[in-house]
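2 protein chains.
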Amino acid sequence: MSEYEHTCMIRGDGGKTLRAILDQICNKWTLLVVATLDQGTVRFTDLHHQIPGISQRMLTLTLRNLERDGLVARTVHAEVPPRVEYALTAVGKSLIAPALALAGWAIEHVPHIEASREAYLRAGSRRG
Amino acid sequence: MSEYEHTCMIRGDGGKTLRAILDQICNKWTLLVVATLDQGTVRFTDLHHQIPGISQRMLTLTLRNLERDGLVARTVHAEVPPRVEYALTAVGKSLIAPALALAGWAIEHVPHIEASREAYLRAGSRRG
DNA sequence: CGGTATCCTGCAGGATACTG
DNA sequence: CAGTATCCTGCAGGATACCG
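Going down the list, the protein sequences come from chains G and W. Each residue of the first sequence is one higher than the one before, counting from 855 in this note's numbering. Each residue of the second sequence is one higher than the one before, counting from 855 in this note's numbering.
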């Protein structure tokens with residue numbers, strides 16, 4: 855049985871809705887930030903340390919977008935030194951499951967994909 | 855119960871594996887092409903017509919990448935005029951399910967996200 | 001500590017023209 | 001019909017410096 859009847863969800867409006875979301879969560883850091891926040895409430899600096907390679911700028915931008923979309927809650931504690939904590943909202947948490955589905959697929963098929971790439975390269979170099 | 859134990863799949867190697875795949879499938883057209891190919895075997899021109907807005911160049915590039923990764927099979931028929939047909943491989947088909955999971959999440963939460971964005975904008979303009 | 005502001009670069013992807 | 005080849009542009013995202 856084909857899944858064709860359901861892929862209209864992807865093709866739907868020419869893919870605009872889905873791609874607007876995909877563009878958002880695929881922007882290099884979003885999914886990583888969400889996954890890191892799945893452990894609970896985390897401070898800005900802790901996030902910065904736990905996500906290797908992210909710049910302060912990109913962490914801020916990513917968190918702002920997530921906050922704007924209602925996936926992450928930002929709490930500022932009126933203390934000195936300042937303390938700002940981030941946590942997933944219910945909607946943010948609900949993203950974890952489908953993200954894991956995709957991550958699972960990725961990890962499961964990486965060997966196949968890499969093998970296919972090498973075979974493709976070899977076939978290409980044989981052609982010239 | 856938290857999903858924290860599982861999010862290591864996302865955070866795993868600093869997210870490199872997952873992001874390599876995500877970068878690949880999030881590149882604006884890949885998922886749309888895969889979803890369109892879920893109907894079966896489709897010719898190049900038919901794909902071009904069925905995916906509004908895609909250029910010949912991007913369709914070709916997207917298909918080449920999918921073929922290289924073993925998600926799509928390309929069949930050239932020795933005829934004139936030429937006929938080239940594309941179809942999902944088993945691995946390509948297996949991507950549909952997790953993609954649908956994500957698409958489902960996206961469609962389900964678009965209203966919430968858009969409402970959150972508007973609220974965020976209003977709060978911002980109130981601040982100045 | 002938790003950010004902004006600014007500058008800079010690579011490259012995804014569009015437009016267009018040509019081809020076996 | 002099914003592509004290449006080439007040029008061009010916007011903008012994601014990195015580096016760095018400054019700020020309340």
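All C-beta atoms, glycine included, are put in the ideal place defined by N, C-alpha and C. Here the structure is a predicted model, which is why all the values come from computation and not from measurement.
Residue i versus residue j - alpha carbon distance
i	j	result
W:Leu975	W:His966	14 Å
W:Leu886	W:Ser979	36 Å
W:Lys882	G:Arg873	7 Å
G:Leu954	W:Ala953	11 Å
W:Glu962	G:Asn919	19 Å
G:Asp867	W:Gly907	12 Å
W:Glu939	W:Glu933	12 Å
W:Arg928	G:Arg937	55 Å
Cβ-Cβ distance between residue i and residue j below 8 Å
i	j	result
G:Leu942	G:Val930	no
G:Leu915	G:Leu901	no
G:Thr884	G:Gln878	yes
G:Ile875	G:Thr890	no
W:Cys880	G:Cys862	no
G:Leu949	G:Val888	yes
G:Ala944	W:Ile864	no
W:Val964	G:Thr899	no
W:Arg911	G:Arg971	no
Chain-ordered neighbours of residue i on chain G, where CB pairs are closer than 7 Å
i	result
W:Pro935	Ordered by position in chain G, no residue passes the 7 Å Cβ test against W:Pro935, which lies about 23 Å from the chain.
W:Thr871	Ala960, Ile961, Val964
W:Ala932	Neighbours of W:Ala932 on chain G: none; closest Cβ ~17 Å, over 7 Å.
Minimum Cβ-Cβ distance from residue i to chain W less than 8 Å
i	result
G:Val926	no
G:His860	yes
Closer than 8 Å to chain G by CB, residue i
i	result
W:Leu915	no
W:Arg865	yes
W:Ala941	no
Interface residues of chain W facing residue i [CB-CB closer than 7 Å]
i	result
G:Arg922	Ser970, Arg971, Tyr974
G:Leu949	Trp959
G:Thr890	Arg865
Environment of residue i [buried if 16+ CB atoms lie within 10 Å]
i	result
G:Ala973	exposed
G:Ala951	exposed
G:Gly946	buried
W:Gly924	buried
W:Ala977	exposed
G:Ala960	buried
Contacts of residue i in chain G (Cβ-Cβ under 9 Å)
i	result
W:Val945	His963, His966, Ile967, Ser970
Chain W contact residues for residue i, given Cβ-Cβ distances below 8 Å
i	result
G:Leu954	Glu857, His860, Thr861, Met863, Ile864
G:Leu876	Cys880, Leu885, Leu956, Ala960
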